[in-house]
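Accompanying notes for the structure given below.
Protein chains in written order, with the numbering used here: chain H, 4 to 371; chain E, 4 to 371; chain G, 4 to 371; chain U, 4 to 371.
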């Protein structure tokens, strides 16, 4: 496969930054999933650029559902969403069209596509395409909500400022839905924003760490080898531009723990088997254990910075200097958060559909 | 798919700890790959238990190639390897058969397989199965070597002791092949071993971090969305038991870098386009850029420890106490290293075969 | 997977008969394939309804390439085509919305989608969706032509009238491109049309047999088990609505042949190894042998007929009588021909891309 | 994919005619399927050579279950079966090693594997490998039986002699399980055998047509495009060596029917919606409709015949003459019947597992 993800619920995304539209096709999702347009809009809104900490390119990102939806419910056949590109300024890029932007895919894309790629605004590599990914993920979230499975992502760390950790999953996950700058501690969020603006003023950018939690995940989902729950989620998550690392539960901290510290002890509490701790991030042997699935992703600083940088011309191979123009984000981490939520929703939906069949997310139905 | 990995080169593994044998099938590998049995044996040897830092279960791990090999070359049809289980002591487990071992998959497996799973020695979840994975990866490495693509993994960190970083990739990668305790700095390795033995004496275990490098990787391999090179490698790597995190290039450290620090500037050196730094770990936009592909994995401390632990009985759901008997490793990180190399080889082989076709790794051939 | 086909070149189709548009995404096709819009239009034109032997619903079927094309060449990233639905008359169906039309998928779709399916005009099951399939196939044909691989389909038999067989493949395949009623013997075609019109006058419909040839196919493509060339092509071909059988080479006639009659003897003619006959349809052991790949498909008579038929109501399960209104084809075989060509092109493109890699169909390229 | 079939239930087969063993891995099958060794043995027995109408190579085909089975039930993890090759006479082939046998894959395999293929006894292309396929299919049948889904295949036609059609599906399907020469009309079977022996005496071979029925198939399984039930079954069936055509329901006969004759009218009989006829072979729009799934396959005459034939040498490309020695079947159709049943069982199991989830075939279970 390629730009498609999933075994039973499959998402394909397409489009370029400066084309007429971008979009996504979701295939294999249960019929009878009620679309929650408030949730979908909240996710699209969170991803969309706003304020000083984001690019000045604005798109309204209205989703046109051209197939697979009838009367607000999924039909079960391929669901296609189109999002128009309106605010396109290709001129920004023409001067530097053949100069590889450091930290971007310009050079690696040239090696793969031999000059046939659409380089305008990053083309198919543009963060713009994550609008389609976010839309697809939001539809999958609507399915998950039918099963009381909730997902949210907050900024665990940005430019040296740390958010607090989850303490009351359900309430905090619900509160994060409406936040455009998704932190649990809003005061920490303000300090993060100040750091982002300062970087922008220095013609620079910053990165951070996102933390995602999935609650309500049934135990027993995932495979022991290859299609582990960690493997499937990480496969999806590395699609989010700028992510360079992922860790589940205690993650890299396990390197410093003894087995006796790291093991999560199972316990029967009032008739329910749960675990006393969650260093495993809800996954043992590749399979969910019923605890919250928790993971963190490292998001790199936006590669598009206004500073002068050394580079090469991808046509001639000659050394050159680039000063990137255009409208860019001094940080993408807050905008990456709903995209990580989205790909997680897609991956979890797919795993659950494999486990429980194609009607798992259906609600109701009429006739025979 | 499930316990199979790959789109064009596909590896399926099977077997249980206490069954008659474990094994792997490799399908789609080019015909005409010469098997380098020295390399294969070195990988198997590195994974096999030895000395005080490992379990006392010893297996000779002789690989029986039952299909897909003729005169020492791959035929191009499914290549099957069987490895006999000889040194089986099921008695070790019978007393605690229904007690979920903390940190293991016993509870999550019960939720998935409803008691039909083979629990003896961890069954299909056992680290024993990694012998098959290592064998499959070693065959894939033989293919990669035909294209001068080399892979190695060293222990970057164990129990607080840090190895040095790669400085001369090719020489160091070659030197690591023969090391059963794979470190670049052997003195650091001795200190790691001392820490492992100390943990063992405390009836405990330790974890660590592995670092893997792939050199000779052609630029232009990977996809912008979903089947990114990071996504494919991480999908494979999380199959290695005990891995809870992965990071590429600068990894989680990107959270603390400015864009101007993190961007790798392309440069033409003597007619070759390369990059001045490698914070991207050889991957931009999901696609290889020709630099070494470098990543690190977090390996948790062995969950099987001799200390008393709280747990539940998976049949009755009642709380209980477990004291794990049997032969276990106080650390698995050194044994996990060749397994990470193996899954990386499988993933890279698959990606290259998709990119360049099914004859990519063939050498020679006769007739029409 | 579901409504997506292919391992390396993947085609996803979407849309409903009475939605705003239908479309297709092609992923994994080589960059640098020049689109031949004359060919694409010819295929779309052949599929489109015309004249007395077809439905009166007319669509201009203009293809909007919204991604994956730059300057008339494929970029190598997902190529998306949209085709607007303009001539929609949902009223035709409202009266009979819940009556299962005999020979259609109304009942089986109800069992699968539980009433959430879009039933208007057949919804996602409508022959209308084949416009997207034809467009996707035509783009794949543009890639194949770069390698001198040509495909055509003619009506071997319709309503008892038989066309002649291929005698000069290349010339005949080229001549078929422009024919809207694709027969080798135009006089036979006139007799077929007369039979179709007669059936229509009787409020009935007719079926037939299509024959497809692929020339220029390299030898050595396909797998011995499961992904045989026959298996892959037939998997694709049964997507064409109304097809109920497929046979390769001598096909069902092999049942009446002796081995000595059926075996195709290889022979070296002027330095080229070919075969004296082609009973195998160009495929031995699932793998192409360099001869033309030839197969025939049975196409059932259009199920939508104006005669009164017994049926059930899919909401109530009660017996009822249906008299189908609306605009329908008394035969679909001539319109199915370009669709069979299309799915064949998709399947062959995918197989060749697996065999020879993702650049196989590229032409030229610039820069590094 | 390659020599693996399936999305949720995946079967991989491996081995060569003259290797130490052949085998299959089934992954994704539900835990808790009770293996019915009587059924499995009956299928293996039916496939095995016996009597005058078959080859003289005899193998006892004992299946060694090396993983995935515990106490006679599937565990849900990969189930591996090995079948030893005992009766190997490679000498039979050495004289003609490089002469392409007409009707075999020798030439096409050479084009694909460049001389690295194992040519002894047909290597991986040998009908011998169908023993593994039959074993895998028989295990899948055990799962289907849990859901009252039954499959059988009879010889509809052989060498001009016709069997009668199914009249009482359930009774006839059950009666076919024990028949080594699977016909509904045993007297017709005797005439078929006489024809086969006559062909053998003429150093020749014969083909035929198989008919398969699946009863108990739930309605609503399959996809409208690409993964149609016909497409998935045909994809699997063309793996059976020698099959050159497949038709569902009325099949190629639809070409001669009017729509009013071909349409199956739905009807409510005693509260159950069924159809008055079954020209669709139980499938509408790619989706099962609850009627028996019925299809026929054309099986070519055995290509290995003792007569002199023209051919080429695959090393030198020169014309030559071949007289095939060795032990061959004058007809394979009776031995192909259980193999068609097997691949059908695999395909149906996979489709049902996608539809209803991974526990669909489980029976019981203990504990939490």
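Backbone N, C-alpha and C define an ideal beta-carbon position, used for all residues, glycine too.
query, result
"Residue of H:342, H:191, H:340 and H:306 minimising C-alpha distance to residue 333 of chain H", "H:306"
"Within 9 Å, strictly: CB atoms of residue 38 of chain H and residue 364 of chain H", "no"
"Short-range partners of chain G found in the region 317–348 of chain U, where Cβ spacing is below 7 Å", "320, 321 and 322"
"Residues within the region 14–46 of chain H neighbouring chain E, beta-carbon criterion of under 7 Å", "16"
"Candidates E:137, E:105, E:100 and E:143: closest to residue 126 of chain E by CA position", "E:100"
"Assigned secondary structure, residue 128 of chain E (DSSP; H/G/I helix, E/B strand, else coil)", "helix"
"Residue interval of the beta strand (DSSP E) (run including residue 211 of chain E)", "211–218"
"Meets three-Cβ-pair contact criterion under 8 Å: the region 48–55 of chain E and the region 68–78 of chain E", "no"
"Cβ-based neighbour list, residue 231 of chain E, same chain, cut-off 6 Å, excluding 5 preceding and 5 following", "225 and 289"
"N-terminal and C-terminal residue of the alpha helix (DSSP H) that residue 352 of chain G is part of", "336–359"
"Contact check, residue 383 of chain U vs residue 213 of chain U, beta carbons under 9 Å", "The question about residue 383 of chain U has no answer here: the residues shown for chain U are numbered 4 through 371."
"Per-residue DSSP class, three states only, for residue 248 of chain U", "strand"
"contact_flag[the region 161–174 of chain E, the region 187–204 of chain E] where n(CB pairs < 8 Å) is 3 or more", "yes"
"Test: residue 209 of chain H CB closer than 9 Å to a CB of chain U", "no"
"Residues near residue 354 of chain H in its chain [Cβ-Cβ closer than 7 Å; skip 5 each side]", "224, 225, 232 and 235"
"Counterpart residues of residue 88 of chain E in DSSP-defined beta bridges", "Paired residues: none, contrary to the question."
"According to DSSP, residues forming a beta bridge with residue 313 of chain H", "H:324"
"Of the listed residues H:82, H:104, H:128 and H:162, nearest to residue 323 of chain H (C-alpha basis)", "H:104"
"CB-CB length for residue 248 of chain E against residue 119 of chain H, believed under 8 Å", "Going by Cβ atoms, the distance from residue 248 of chain E to residue 119 of chain H rounds to 37 Å, so no, they are not a contact pair."
"Proximity to residue 138 of chain E [Cα-Cα], best of E:370, E:129, E:149 and E:67", "E:67"
"First through last residue of the beta strand (DSSP E) which encompasses residue 18 of chain H", "13–18"
"Cβ-based neighbour list, residue 331 of chain G, same chain, cut-off 7 Å, excluding 5 preceding and 5 following", "58, 305 and 307"
"Three-state secondary structure (DSSP) of residue 140 of chain U", "helix"
"Residue burial classification, residue 170 of chain U (beta-carbon count within 10 angstroms, cutoff 16)", "exposed"
"For residue 238 of chain H, the residue or residues it bridges with in DSSP", "Per DSSP, none; premise fails for residue 238 of chain H."
"Beta-carbon separation (whole angstroms), residue 142 of chain H vs residue 240 of chain H, contact threshold 8 Å", "Not quite, the Cβ-Cβ distance comes to about 18 Å (not below 8 Å), so this is no contact."
"Chain-ordered chain U contacts of residue 212 of chain H [CB-CB under 9 Å]", "What residue 212 of chain H touches in chain U: nothing, since even the nearest Cβ is about 34 Å away."
"Euclidean distance between Cα positions of residue 320 of chain G and residue 261 of chain U", "27 Å"
"Cβ separation of residue 335 of chain H and residue 302 of chain H, assumed to be a contact under 8 Å, to the nearest whole Å", "7 Å"
"Neighbour flag for residue 11 of chain H against chain U, beta carbons, 9 Å", "yes"
"For residue 199 of chain H, the first and last residue of its enclosing alpha helix (DSSP H)", "189–204"
"Closest Cα partner of residue 190 of chain G within the set G:176, G:161 and G:204", "G:161"
"Cβ of residue 157 of chain H within 9 Å of any chain E Cβ", "no"
"Min CB distance residue 359 of chain H to chain G below 9 Å", "no"
"Limits of the alpha helix (DSSP H) - the one that residue 42 of chain H falls within", "40–50"
"Chain-order list of residues whose beta-carbon lies under 8 Å from that of residue 27 of chain H (same chain, five-residue window excluded)", "14, 15, 16, 17, 83, 84, 135, 136, 138 and 139"
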